[in-house]
Amino acid sequence: MNTFHLIIASVGETRFDGEAISATLPGEAGELTVLAHHEPIVTTLKPGTITVRTSGEAKRFEIESGVLEMSANRAVVLL
163 MNTFHLIIAS VGETRFDGEA ISATLPGEAG ELTVLAHHEP IVTTLKPGTI TVRTSGEAKR
223 FEIESGVLEM SANRAVVLL
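For the sequence shown, the residue numbers in the working numbering are 163 to 241.
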């Protein structure tokens, strides 16, 4: 299964840093899911839940706001 590198971090804390199959995020314009080799994107995030699917499990992270940048099969979420 194709994966991409995902980092979810805030000042002083890294909440996730690893390979993901998908990440579903609460975008300002609605929920969005990113997969491996997604087109480059930069978008803001609203309060909600980020769901990260890795091999065999799903991890959930509650957020208040953030920014997603996806480029070159790497996604960074800054909270």
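Positions of the beta carbon are idealized from the N, C-alpha and C atoms, including for glycine.
With a contact defined as Cβ atoms closer than 8 Å, residue 233 and residue 202 qualify at about 4 Å. Around the CB of residue 172, fewer than 16 other CB atoms lie within 10 Å, so the residue is classed as exposed. The three-state secondary structure of residue 163, taken from DSSP, is coil. Membership of residue 212 in the beta strand (DSSP E) is indicated by the continuous run 210 to 216. Beta-bridge analysis with DSSP links residue 237 to 168, 232. Cβ-Cβ distances below 7 Å link residue 165 to 181, 182, 183, 198 in the same chain, with the five nearest sequence neighbours on each side left out; the list follows chain order. Note that the C-beta distance between residue 211 and residue 231 is not below 8 Å. In this structure, the CA atom of residue 235 is about 15 Å from the CA atom of residue 170.
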